[in-house]
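Okay, so here's the structure we're looking at.
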Amino acid sequence: VPLRLGDIAEITGGVLAGDPSIFITGVAKIEEARPGEITFLANHKYAKHLGETRASALIVPDDMPGNFDKPVIRSKNPYLAFMKAVVVFHPPKPLIEKGIHSTAVIGENTELGTELSIGAYAVIGRRCRIGHRTIVMPGVILGDGAMVGDDCVLHANVCLREGVVLGNRVILHNGTVVGSDGFGFALDGGKYHKIPQVGTVVIEDDVEIGSNTSIDRATLGETRIKRGTKMDNLIQIAHNCSVGEDTVIAAQVGIAGSTVIGNNCRIGGQAGFAGHIKVGDNTTVGGGSGVLRPVSGNTMVSGFPARPHRDELHVQAAMHKLPELLKELKQLKERIQKLEQELKKEC
Amino acid sequence: VPLRLGDIAEITGGVLAGDPSIFITGVAKIEEARPGEITFLANHKYAKHLGETRASALIVPDDMPGNFDKPVIRSKNPYLAFMKAVVVFHPPKPLIEKGIHSTAVIGENTELGTELSIGAYAVIGRRCRIGHRTIVMPGVILGDGAMVGDDCVLHANVCLREGVVLGNRVILHNGTVVGSDGFGFALDGGKYHKIPQVGTVVIEDDVEIGSNTSIDRATLGETRIKRGTKMDNLIQIAHNCSVGEDTVIAAQVGIAGSTVIGNNCRIGGQAGFAGHIKVGDNTTVGGGSGVLRPVSGNTMVSGFPARPHRDELHVQAAMHKLPELLKELKQLKERIQKLEQELKKEC
Amino acid sequence: VPLRLGDIAEITGGVLAGDPSIFITGVAKIEEARPGEITFLANHKYAKHLGETRASALIVPDDMPGNFDKPVIRSKNPYLAFMKAVVVFHPPKPLIEKGIHSTAVIGENTELGTELSIGAYAVIGRRCRIGHRTIVMPGVILGDGAMVGDDCVLHANVCLREGVVLGNRVILHNGTVVGSDGFGFALDGGKYHKIPQVGTVVIEDDVEIGSNTSIDRATLGETRIKRGTKMDNLIQIAHNCSVGEDTVIAAQVGIAGSTVIGNNCRIGGQAGFAGHIKVGDNTTVGGGSGVLRPVSGNTMVSGFPARPHRDELHVQAAMHKLPELLKELKQLKERIQKLEQELKKEC
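Rendered as structure tokens:
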């Protein structure tokens, strides 16, 4: 398993400064690395850790100044380079054995690809399709007509509801639900009547979704998560939402019905979005924000209700001074009163 | 499948203005509708979409003014009328086949109703009862003594814990847990000791609960969700809470222990409630609000901590002006100082 | 089942004032207790309920003043004493039968302890270990190499991913996921590339975790929940976090990657923590707070962003006065202007 540093430089696509013949035994985070291991520095701001690390080699940004007392691999994207090193030292193991477990229940008229794995007690509905090399872990349940592309991984206890569609290379972590009914009720005579949710969910290629996340099917039409988007755990995507391409959404975010999120957005944890709004491409949303109005894109918003991040910082700073300000105001009032009295006396 | 517009008017209970003989091929949202389809306008404020829609007919509020260049069905409750049209074009399909799947495990002394469906790998405990026509999807697990009424739907991977009680026509979406232990611990000597949670959960008739929601059992007594209430995904209901009738709770709301929510409330997404408080009937709670004190009812509250919505809007507006206000205060201080100096000079 | 009050006093370790020979039939909350039952008063502030309760006996704090018209058991820790009474009246019932259900799938080279219970359709991976007397409920799924200690309870539909480690007496409620992949992606050329999450999760002895909670595995190294910590439902613990000993975390809290929470902390519901920060021992965090910076410990913080609780209360109070303050400021401006004009006239 140990690899020569020169080989690691080549695998990661970086430029080595140091002895290529030393052996590296593993990868580790900068503060946990032991002698023999390689670590990385993604960002200049963590440079303070450099002096403390016990790692034997480092992957650093190629524009990082300074001399190092250890061999370094300079890389344009140290995090990506490190990822490649991680893969070399931790080659992926198959989660379960290839093939269809004898206990898996497969419904009528369901089409299965080649080289796939279906685990124990998985239940696949009727008229489904599962692509080549896809891994369906134990306890996964697909409703009738659900479609899954090639090279997907559905972790244990994932539920795909009837008719939902997944592209290729989609990863869904445990307990995530795709296609539960949207939250739609018509109020009549003081009671709520269920609006049948007859739409579906489409998840495009290369999407990864964390555990215990809920993505509701559309009332009519579709809820859609577009290519390359990555979503974390415990997220709520309501009916008829659309999330753009290459967008990242952190844990516990909630997006209300029919809201459209653009491409290349970055959304912080626990943020919430009102329904029926549009958030443009390249928007960054701070954690915990409440986005109640449309956002044009190419901007960062934060706060509750969310506003331009710079404004929010000013408001936050001012709020901090608020108790002091109240005192000052009281003093000013007294000084004005005194002035008024004195001026009266004068007259 | 195509239906005459006149028949749709009759089914939806509306009044048709236009040719009853034209054929309608489906239902769609106003912005997605294609020629041949019918759509609806729930609310005057979406009237701007009217000119753009390609739908061949519309369901509109009966008090909506104006002439339409298309046939319209006027309805007192267009959303409800539309729901009826949706049902006609999308008649519900059975989720799974009737009957008890050969792999379902049914515990001793459990009573099963007639015409029910129990899916593959469902596990029903001992001394349970499941009512007539209820659908228990694959992977659903009922603890000992759990009771489910008639015409319920328990979607895949729902868990009902021991002894919980569901009424009739209850729908629980995937991954939802009813009856997990309440969060109760007694601190003694710096360590937490589990308080046994020996109470239960009662969910009354016509309640629908979304996916991945958690409803804890009571420490003693019961946690109760009352008739007709609708709850969305990823909601937390703590031990000994009570939620009233015909209340709607949006996704990711959290209600702490022993809190009582009234009837006909509307609670926005991600709102949080402190424990041991009472929220009166007909309360509206804004999304993301933190309700820390009792609310008397017949009101709207918002913000963190929640206050009357009108006050919160004033506070929000004022906060926005806060940085400006700090500048003004500084200027006033200078003007006062100048006045004081001048007045001194005069004397 | 009825017990003499004298015996209850002995079991709970309290001092009885009253007739030891009366029979007690059950335990109940103070507002729900019926004649014949015993209840408790944990805290002086609930003393107002004393006059109303129909209970036949009370457990009260030993320093509680006043005469009672009913027998009382005085206790240093009434909540703990009450817990002991609850256990006596509600002795725990086995959740499922002892032994390994015939449908459980056990992978190769997995070691099982004695006297354990494994429920229907549980799937245990290869090379796992499950300790003595542990209860694995139906539908639980363990990935390859997962290790579970003695006397644990894994409720239905819990997922333990490959290689995670649980200590002894760990309780995980339904639908909780331990070891899903951390949310780590390297951005390159506008696309996100998955960083393999090759670390693990370690959960130490006596930890209890609620339902539908997600705990991600570390990128490298481990995510760790330390001894005696209690976590509620729907919580997000990101990769590489560490939560200290004897800490309590309420529902829907989210902790971002690599953050370290100390021992003996109390974290309110829906609070959020930024990544890569340290929160010291004995920290109390108010519900709904956003902890964006390190906290030194032995303190209470609240608000968004979180600050010392006392400061936050001042800010909240000031915010409430903000609309009023804006009006006052306007009046002061007018008075100053008037003063300035008059002073000008004088000159």
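Residue numbers (our numbering), protein chains in the order written: chain L, 1 to 347; chain Z, 348 to 694; chain B, 695 to 1041.
Glycine included, C-beta positions come from ideal geometry on N, C-alpha and C.
Since the structure is predicted, the reported quantities are computational estimates derived from the model, not experimental observations.
Report task. Check whether the Cβ atoms of Ile-235 (chain L) and Asp-216 (chain L) sit closer than 8 Å, and answer yes or no. Result -> In the first sequence, residue 235 (chain L) corresponds to position 235, counting from 1. In the first sequence, residue 216 (chain L) corresponds to position 216, counting from 1. Contact flag unset, no.
Query - First through last residue of the alpha helix (DSSP H) which encompasses Glu-346 (chain L) - result: Mapped onto the first sequence, residue 346 (chain L) falls at position 346. Residue range 322-346 is occupied by the alpha helix (DSSP H) that includes Glu-346 (chain L).
Query raised in the report: Along chain B, in chain order, which residues have C-beta atoms closer than 7 Å to that of Cys-506 (chain Z)?
Result: Within the second sequence, the letter at position 159 stands for residue 506 (chain Z). Neighbours of Cys-506 (chain Z) on chain B, chain order: Ala-850, Asn-851, Asn-868, Gly-869.
Query raised in the report: Is Pro-543 (chain Z) close to chain B, meaning its C-beta is less than 8 Å from at least one C-beta of that chain?
Result: Translated into positions along the second sequence, residue 543 (chain Z) becomes position 196. By this cut-off, Pro-543 (chain Z) is an interface position.
Report task. Kindly say whether Ser-242 (chain L), judged by its beta-carbon, lies nearer than 8 Å to any beta-carbon of chain Z. Result -> Your numbering for residue 242 (chain L) matches position 242 in the first sequence. No - not a single Cβ of chain Z is within 8 Å of the one on Ser-242 (chain L).
Query raised in the report: Cβ of Asp-940 (chain B) less than 8 Å from any chain L Cβ?
Result: Against the third sequence, residue 940 (chain B) aligns to sequence position 246. For Asp-940 (chain B), the answer is no, since every Cβ of chain L falls outside 8 Å of its Cβ.
Report task. Determine contact between the region 897-910 of chain B and the region 205-220 of chain L, defined as no fewer than three beta-carbon pairs at a distance below 8 Å. Result -> yes
Query raised in the report: Using a Cβ cut-off of 8 Å, which residues of the region 308-336 of chain L contact any Cβ in chain B, in chain order?
Result: Gln-316, Met-319, His-320, Leu-322, Pro-323, Leu-325, Leu-326, Leu-329, Leu-332, Lys-333, Ile-336
Query raised in the report: How many angstroms separate the CA atom of Thr-134 (chain L) from the CA atom of Val-123 (chain L)?
Result: For the purposes of this step, residue 134 (chain L) is identified with residue 134 of the first sequence, where counting begins at 1. For the purposes of this step, residue 123 (chain L) is identified with residue 123 of the first sequence, where counting begins at 1. Each residue's Cα considered, the two are about 15 Å apart.
Query raised in the report: Just by C-beta distance, which residues in the region 178-196 of chain L are closer than 7 Å to chain Z?
Result: Ser-180, Asp-181, Phe-183, Phe-185, Ala-186, Asp-188, Gly-190, Lys-191, Tyr-192, His-193, Lys-194, Ile-195, Pro-196
Requested in this report: Specify the secondary structure class of His-49 (chain L) as computed by DSSP and reduced to three states.
Outcome: As a first step, residue 49 (chain L) must be located in the first sequence, where it is residue number 49. His-49 (chain L) sits in a helix when the DSSP states are folded into three classes.
Requested in this report: Can you pull the chain L residues whose beta carbon is under 7 Å from the beta carbon of Leu-928 (chain B), in chain order?
Outcome: Within the third sequence, the letter at position 234 stands for residue 928 (chain B). Ordered by position in chain L, the residues that pass the 7 Å Cβ test against Leu-928 (chain B) are Leu-234.
Report task. Report the residues of the region 93-110 of chain L with a CB closer than 7 Å to any CB of chain Z, ordered along the chain. Result -> Within the region 93-110 of chain L, those residues whose Cβ lies closer than 7 Å to any Cβ of chain Z are, in chain order, Val-105.
Query raised in the report: Helix, strand or coil: which one does DSSP assign to Phe-185 (chain L)?
Result: The residue labelled residue 185 (chain L) in the question sits at position 185 within the first sequence. Three-state result, Phe-185 (chain L): strand.
Query raised in the report: In chain order, what residues of the same chain lie with their CB nearer than 8 Å to the CB of Ala-428 (chain Z), ignoring the 5 residues before and after it?
Result: Mapped onto the second sequence, residue 428 (chain Z) falls at position 81. Thr-359, Gly-360, Gly-361, Phe-387, Ile-406, Ile-420, Ser-422.
Requested in this report: Please report the residue range of the beta strand (DSSP E) in which Gly-526 (chain Z) lies.
Outcome: For the purposes of this step, residue 526 (chain Z) is taken as the residue at position 179 of the second sequence. From DSSP, the beta strand (DSSP E) with Gly-526 (chain Z) extends over 524-527.
Query raised in the report: When the Cα atoms are used, what is the spatial distance from Asp-416 (chain Z) to Leu-350 (chain Z)?
Result: For the purposes of this step, residue 416 (chain Z) is identified with residue 69 of the second sequence, where counting begins at 1. For the purposes of this step, residue 350 (chain Z) is identified with residue 3 of the second sequence, where counting begins at 1. Rounded to the nearest angstrom, the two C-alpha atoms are 21 Å apart.
**Report entry** Residue nearest to Ser-990 (chain B) in terms of C-alpha spacing, selected from B:Leu-1007, B:Glu-1040, B:Gly-956
**Finding:** Against the third sequence, residue 990 (chain B) aligns to sequence position 296. Residue nearest to Ser-990 (chain B) within the set B:Leu-1007, B:Glu-1040, B:Gly-956 is B:Gly-956 (criterion: CA-CA distance).
**Report entry** Option nearest Lys-723 (chain B) by Cα separation, candidates Z:Glu-569, Z:Pro-418, Z:Gly-627
**Finding:** The residue you call residue 723 (chain B) lines up with position 29 of the third sequence. The option with the nearest alpha carbon to Lys-723 (chain B) is Z:Glu-569.
**Report entry** 8 Å Cβ cutoff met for Val-548 (chain Z) and Val-525 (chain Z)
**Finding:** Counted from its first residue, the second sequence places residue 548 (chain Z) at position 201. Counted from its first residue, the second sequence places residue 525 (chain Z) at position 178. Cβ atoms of Val-548 (chain Z) and Val-525 (chain Z): closer than 8 Å.
**Report entry** Ala-306 (chain L), buried or exposed, once every other Cβ within 10 Å from all chains shown has been counted against 16
**Finding:** One-based indexing of the first sequence puts residue 306 (chain L) at position 306. With 16 or more other Cβ atoms within 10 Å, it is buried.
Query raised in the report: So, does the CB of Ser-769 (chain B) fall closer than 8 Å to a CB anywhere in chain Z?
Result: As a first step, residue 769 (chain B) is located in the third sequence; it is residue number 75 there, counting from the start. For Ser-769 (chain B), the answer is no, since every Cβ of chain Z falls outside 8 Å of its Cβ.
Requested in this report: Using a Cβ-Cβ cut-off of less than 8 Å, list which residues of the region 606-635 of chain Z approach chain B; keep chain order.
Outcome: Gln-617, Gly-619, Ala-621
Requested in this report: Specify, as a first and last residue, the run of the beta strand (DSSP E) that Val-734 (chain B) falls within.
Outcome: Looking up residue 734 (chain B) in the third sequence gives position 40. Checking the sequence shown, residue 734 (chain B) turns out to be Phe, not Val. 731-734 is the span of the beta strand (DSSP E), which, as asked, contains Phe-734 (chain B).
Query raised in the report: Excluding five sequence neighbours on each side, which residues of the same chain lie with their C-beta closer than 6 Å to the C-beta of Gly-966 (chain B)?
Result: Within the third sequence, numbered from 1, the residue matching residue 966 (chain B) stands at position 272. Only Gly-948, Gly-984 meet the Cβ criterion.
Query raised in the report: Name the chain L residues whose beta carbon is nearer than 8 Å to that of Pro-485 (chain Z)?
Result: To locate residue 485 (chain Z), count along the second sequence from 1; it is residue 138. Going along chain L in sequence order, the residues near Pro-485 (chain Z) (Cβ under 8 Å) are Val-105, Val-123, Ile-141.
Report task. Using a Cβ-Cβ cut-off of 8 Å, state whether Leu-405 (chain Z) counts as contacting chain L. Result -> Taking the first residue of the second sequence as 1, we reach residue 405 (chain Z) at position 58. No, Leu-405 (chain Z) lies away from the interface with chain L (no Cβ there is under 8 Å from its Cβ).
Query raised in the report: Where do the N-terminal and C-terminal ends of the beta strand (DSSP E) with Ala-775 (chain B) fall, by residue?
Result: For this step, residue 775 (chain B) is matched to residue 81 along the third sequence. Not the beta strand (DSSP E): Ala-775 (chain B) falls in the alpha helix (DSSP H), residues 772-783.
Query raised in the report: Over what stretch of residues does the beta strand (DSSP E) that includes Ala-404 (chain Z) continue unbroken?
Result: Within the second sequence, the letter at position 57 stands for residue 404 (chain Z). Here the beta strand (DSSP E) through Ala-404 (chain Z) covers 404-408.
Query raised in the report: Around the C-beta of Tyr-393 (chain Z), are 16 or more other C-beta atoms found within 10 angstroms, so that it is buried, or is it exposed?
Result: Position 46 of the second sequence holds residue 393 (chain Z). Burial call: exposed.
Query raised in the report: Who does Asn-583 (chain Z) pair with in a DSSP beta bridge?
Result: Position 236 of the second sequence holds residue 583 (chain Z). According to the sequence shown, residue 583 (chain Z) is Gln rather than Asn. Answer is Z:Ser-561, Z:Gly-601, bridged to Gln-583 (chain Z).
Requested in this report: Please go through the same chain and pick out, in chain order, the residues whose beta-carbon is closer than 6 Å to the beta-carbon of Ile-897 (chain B), but skip the five residues on each side of it.
Outcome: Sequence index remark: in the third sequence, residue 897 (chain B) carries index 203 (1-based). Closer than 6 Å at Cβ, skipping near neighbours: Leu-860, Val-864, Ile-919.
Query raised in the report: Does Asn-390 (chain Z) have its Cβ less than 8 Å from a Cβ in chain B?
Result: Here residue 390 (chain Z) is taken as the residue at index 43 of the second sequence, counted from 1. It does not; no Cβ of chain B falls within 8 Å.
Query raised in the report: Is Asp-553 (chain Z) buried or exposed, if buried means 16 or more other CB atoms sit within 10 Å of its CB?
Result: Within the second sequence, numbered from 1, the residue matching residue 553 (chain Z) stands at position 206. With 16 or more other Cβ atoms within 10 Å, it is buried.
Query raised in the report: So, is the C-beta of Ala-17 (chain L) closer than 8 Å to a C-beta in chain B?
Result: Residue 17 (chain L) sits at position 17 when you count from the first residue of the first sequence. By this cut-off, Ala-17 (chain L) is not an interface position.
Query raised in the report: Which one of Z:Leu-660, Z:Cys-588, Z:Gly-635 has the shortest CA to CA distance from Val-626 (chain Z)?
Result: Translated into positions along the second sequence, residue 626 (chain Z) becomes position 279. With distances taken between Cα atoms, Val-626 (chain Z) lies closest to Z:Cys-588.
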